[in-house]
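Peer 1: Below is a structure I'd like to ask you about.
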Ligand code: GUN
């Protein structure tokens, strides 16, 4: 039987609507809109696309967007000075510095400069530490979005076997923490894992976040497994195409004959990332303003 297609795009649209409605409530109570500052350094085409769509989504969610575009040759000191200004600006609740940064800039130094209470990406070590010990903080948007899709489909994850493929600070590690907090039994697999197909075959939940096109094959999956595909890879164009197809880290067509449910690429995890960014910005606004976000509002 074909797997259920997990419609991340529709889920994200509903989340954005709720965030927008709550942002309107916030503005009524606080006398100002929530504010998100996005910093883009240089001209990376993919980053430009992301930043543009973040800006549009911010306005649609009844928030203020502050965009700062800096030349690729900007010095690290100047970038750090901008982050300091944004840290001190009461109109700014969330700060996102688009990655990757040019190679002459130390990314970790820039992330460390963002005030943890404005770190809506959840990349600061303080927020990584809060997640690790179970304190409230900001959780990176992509894994939190994956978690929302998983709990929406599966409800209680207690005792389920979860395999996360990929160990990045941005997706793999926080994803594993979230699954662990939800009482799943978690394995983190990576490029040195032995017998990866056998490891994945144990999983009730597979989260693929490696950035290798269609690496996870149908015969790696336990029948009925729930598969979340974080990969966004563009294949080389074949004859008659101007650009190659976008594919995930999972061989979607074949995998959807075995899985119980699976996220497509595009239209799965991707749209969740921006929706969760807006959600995190709203949460930041309530906290920074000393207001209580109503229970169940999101
Ligand atoms: N580059 C690609 N994805 C992201 C993201 O979620 N946050 C930031 N800051 N940069 C990115």
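In my numbering, the protein residues as written are 774 to 1071.
Just so it is clear, CB atoms sit at the ideal spot from N, CA and C, and this is done for glycine as well.
Computed from a prediction, not measured in an experiment: that's the story for all the values here.
1) If you check the beta carbons only, do residue 995 and residue 977 fall under 9 angstroms apart?
2) Is the Cβ-Cβ distance between residue 904 and residue 895 less than 9 angstroms?
3) Answer yes or no: do residue 1032 and residue 807 have a C-beta to C-beta separation smaller than 9 angstroms?
4) So the candidates are 1004, 949, 823; which of them puts its Cα closest to the Cα of residue 907?
5) Can you tell me whether residue 1052 is helix, strand or coil according to DSSP?
6) Against chain D, does residue 895 count as a neighbour if the rule is that its beta carbon must be under 9 angstroms from one of theirs?
7) Does the distance from the C-beta atom of residue 809 to that of residue 867 stay below 9 angstroms?
8) Please return the same chain residues whose Cβ sits closer than 7 angstroms to the Cβ of residue 1008, not counting the five positions on each side in sequence.
9) With DSSP collapsed to three states, give me the class of residue 927.
10) Give the straight-line distance between the Cα atoms of residue 999 and residue 923, rounded to the nearest whole angstrom.
11) Give me, in chain order, the residues of the same chain whose beta-carbon lies closer than 8 angstroms to that of residue 869; leave out the 5 immediate sequence neighbours on both sides.
12) Would you give the residue range spanned by the alpha helix (DSSP H) that residue 858 belongs to?
13) Measuring from the CB of residue 839, is there a heavy atom of ligand 1 at a distance below 8 angstroms?
14) For the alpha helix (DSSP H) that contains residue 813, what are its first and last residues?
15) Please report the distance separating the alpha-carbon of residue 820 from that of residue 871.
16) Looking only at its own chain, which residues have a Cβ that is under 6 angstroms from the Cβ of residue 1053, when we skip the five neighbours before and after it?
17) If the criterion is Cβ atoms closer than 9 angstroms, does the pair residue 1027 and residue 1001 meet it?
18) Would the beta-carbon of residue 925 be found less than 8 angstroms away from any heavy atom of ligand 1?
19) Decide yes or no for the touch test of the region 823-841 against the region 785-805: beta carbon pairs closer than 8 angstroms, at least 3 of them.
20) Please state whether the Cβ-Cβ distance between residue 1066 and residue 795 is less than 9 angstroms.
21) Measure the C-alpha to C-alpha separation of residue 940 and residue 1013 and round it to an integer number of angstroms.
22) Say yes only if the C-beta of residue 947 is nearer than 8 angstroms to one or more non-hydrogen atoms of ligand 1, and no if none qualify.
23) Residue range of the alpha helix (DSSP H) that residue 1026 falls in?
Peer 2: Straight from the coordinates:
1) yes
2) yes
3) no
4) 949
5) helix
6) The structure shown contains no chain D; it holds only a single protein chain.
7) yes
8) Within the same chain, residue 1008 has close Cβ partners 986, 1017, 1018, 1020.
9) helix
10) 8 angstroms
11) 809, 810, 811, 812, 827, 893, 894, 1050
12) 849-860
13) Every heavy atom of ligand 1 is 8 angstroms or more from the Cβ of residue 839, so no.
14) Segment 808-814 is the beta strand (DSSP E) holding residue 813; no alpha helix (DSSP H) there.
15) Approximately 7 angstroms between the Cα atoms of the pair.
16) Non-local C-beta neighbours of residue 1053 in its own chain, meaning closer than 6 angstroms and more than five positions away in sequence, comprise 893, 911, ordered along the chain.
17) no
18) no
19) The count of Cβ pairs closer than 8 angstroms, one atom from the region 823-841 and one from the region 785-805, reaches three, so the stretches are in contact.
20) Yes, Cβ-Cβ distance for residue 1066 and residue 795 is below 9 angstroms.
21) 37 angstroms
22) no
23) From DSSP, the alpha helix (DSSP H) with residue 1026 extends over 1025-1028.
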